[in-house]
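A.B. asks: Per the numbering used here, the very first residue in the sequence shown carries number 1; after that it's consecutive.
Heads up, the beta-carbon is just placed ideally off N, CA and C, and yes, glycines get one too.
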Amino acid sequence: MGVLIDFVLHIDKHLVNIVNTFGDWTYLILFTIIFIETGAVILPFLPGDSLLFAGAALSANPTYKLNIWIFILIFLIASICGDSLNFYFGEKFGNLITTHPFFGKFIKQKDIDRARGFFEKHGALAIFLARFMPIIRTFVPFVAAGSNFPYSKFAKYNIPACITWVLICCGSGYFFGNIPFVKEHFSLVIIGIVIISLIPAIFGFIKGKISK
Numbered sequence: 001m002g003v004l005i006d007f008v009l010h011i012d013k014h015l016v017n018i019v020n021t022f023g024d025w026t027y028l029i030l031f032t033i034i035f036i037e038t039g040a041v042i043l044p045f046l047p048g049d050s051l052l053f054a055g056a057a058l059s060a061n062p063t064y065k066l067n068i069w070i071f072i073l074i075f076l077i078a079s080i081c082g083d084s085l086n087f088y089f090g091e092k093f094g095n096l097i098t099t100h101p102f103f104g105k106f107i108k109q110k111d112i113d114r115a116r117g118f119f120e121k122h123g124a125l126a127i128f129l130a131r132f133m134p135i136i137r138t139f140v141p142f143v144a145a146g147s148n149f150p151y152s153k154f155a156k157y158n159i160p161a162c163i164t165w166v167l168i169c170c171g172s173g174y175f176f177g178n179i180p181f182v183k184e185h186f187s188l189v190i191i192g193i194v195i196i197s198l199i200p201a202i203f204g205f206i207k208g209k210i211s212k
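1. Starting from residue 36, trace the alpha helix (DSSP H) in both directions and tell me its first and last residue.
2. If you measure between the beta carbons of residue 80 and residue 158, is that distance less than 8 Å?
3. Could you check the C-alpha separation between residue 50 and residue 131 for me, to the nearest Å?
4. Can at least three beta-carbon pairs, one atom from the region 46-64 and one from the region 143-162, be found at a separation below 8 Å?
5. Short of 7 Å in beta carbon distance, which residues of its chain neighbour residue 124, apart from the five on each side in sequence? Order them along the chain.
6. Assign residue 67 to one of three DSSP states: helix, strand, or coil.
7. Can the beta-carbon of residue 140 be found less than 8 Å from the beta-carbon of residue 161?
8. In this structure, how does DSSP classify residue 148 when only helix, strand and coil are distinguished?
9. At what residues does the alpha helix (DSSP H) containing residue 20 begin and finish?
10. Can you check whether the CB of residue 56 is closer than 8 Å to the CB of residue 71?
11. Indicate whether residue 164 and residue 86 have their beta-carbon atoms separated by less than 8 Å.
12. To the nearest angstrom, how far is the alpha carbon of residue 26 from that of residue 82?
13. With distance defined between alpha-carbon atoms, name the residue in 24, 39, 188 and 93 nearest to residue 68.
14. Could you check where the alpha helix (DSSP H) with residue 180 kicks off and where it finishes?
15. Report the three-state DSSP secondary structure of residue 177 (helix, strand or coil).
16. Can you round the beta-carbon distance between residue 192 and residue 142 to whole angstroms, since I take them to be within the 8 Å contact cut?
17. Would you decide whether residue 120 is buried or exposed? Buried here means 16 or more other CB atoms lie within 10 Å of its CB.
18. Determine, using beta carbons only, whether residue 41 comes closer than 8 Å to chain B.
19. For residue 131, which of helix, strand or coil comes out of DSSP?
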């Protein structure tokens, strides 16, 4: 876990190392991370928003010879396909996955319950909103499928959400990631992105506690 935290907080430096080591394979590596973040269900703590921001920031720097349009395309495909795979798992396994001896170690019932509460409160709109909320976005497709929500309706909200998410995160990184102040305080900026994206979930948790 310490390695993951270090990767998230210093993601710009780690991405530079990846680019210098793997070159064009960087696209595939980042695609895989974003795909797994939602698709694998059991790894909701992988970087999402911050990875898009940092990757787009590097693409704006001609030193690294990365293409922003390729990043936008692969991140869009990864997020849509990842959510679709997640939905498939929800259809096939439902809540049984939380009681599995192995998968139960990664997927906690409280996280499923939180996502279910979010989904029940906001309905179909939760699919769109969840894309902008770390952890919650990993479980909402799973919960939606387990609630017999039709995939066609899920995709109707999920695809626009993924497009909006990718454009906002990549656009922010591309246009603001190389500003001197941002580059000098990149770790703080990443922390800020994580905190801002978690605010809705934190607010909802506190509100739920107060209501009880």
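C.D. replies: Here's the rundown:
1. Looking up residue 36 in the sequence shown gives position 36. Boundaries of the alpha helix (DSSP H) harbouring residue 36: 25-39, taken from the DSSP string.
2. The residue you call residue 80 lines up with position 80 of the sequence shown. The residue you call residue 158 lines up with position 158 of the sequence shown. Taking 8 Å as the Cβ cut-off, residue 80 and residue 158 qualify as a contacting pair.
3. Translated into positions along the sequence shown, residue 50 becomes position 50. Translated into positions along the sequence shown, residue 131 becomes position 131. Going from the Cα of residue 50 to the Cα of residue 131 covers about 14 Å.
4. no
5. Start at 1 with the first residue of the sequence shown, and residue 124 comes out as number 124. Excluding positions up to five away in sequence, the list reads 153 and 157.
6. Here residue 67 is taken as the residue at index 67 of the sequence shown, counted from 1. Residue 67: coil per DSSP, three-state reduction.
7. Mapped onto the sequence shown, residue 140 falls at position 140. Mapped onto the sequence shown, residue 161 falls at position 161. It is not a contact, given that the beta carbons lie outside the stated cut-off.
8. Here residue 148 refers to the residue found at position 148 of the sequence shown. If DSSP states are grouped into helix, strand and coil, residue 148 belongs with coil.
9. As a position in the sequence shown, residue 20 is number 20, starting the count at 1. For residue 20, the enclosing alpha helix (DSSP H) covers residues 11-22.
10. By one-based count along the sequence shown, residue 71 stands at place 71. By one-based count along the sequence shown, residue 56 stands at place 56. Contact flag set, yes.
11. Looking up residue 164 in the sequence shown gives position 164. Looking up residue 86 in the sequence shown gives position 86. Their beta carbons are not under 8 Å apart, which means residue 164 does not touch residue 86 by this criterion.
12. For this step, residue 26 is matched to residue 26 along the sequence shown. For this step, residue 82 is matched to residue 82 along the sequence shown. Counting only the Cα atoms, residue 82 lies some 18 Å from residue 26.
13. As a working note, residue 68 is residue 68 in the sequence shown. Comparing Cα positions, the closest option is 24.
14. Within the sequence shown, numbered from 1, the residue matching residue 180 stands at position 180. Taken as a continuous stretch (DSSP letters only), the alpha helix (DSSP H) holding residue 180 covers 180-184.
15. The residue given as residue 177 occupies position 177 in the sequence shown. Residue 177 falls in the coil class under three-state DSSP.
16. In the sequence shown, residue 192 corresponds to position 192, counting from 1. In the sequence shown, residue 142 corresponds to position 142, counting from 1. So it is not a contact: roughly 28 Å between Cβ atoms.
17. The count along the sequence shown starts at 1 and reaches residue 120 at position 120. By the neighbour-count rule (16 or more Cβ atoms within 10 Å), residue 120 is not buried but exposed.
18. You won't find chain B in this structure, because it holds only one protein chain.
19. Indexing the sequence shown from 1 puts residue 131 at position 131. Coil, per DSSP.
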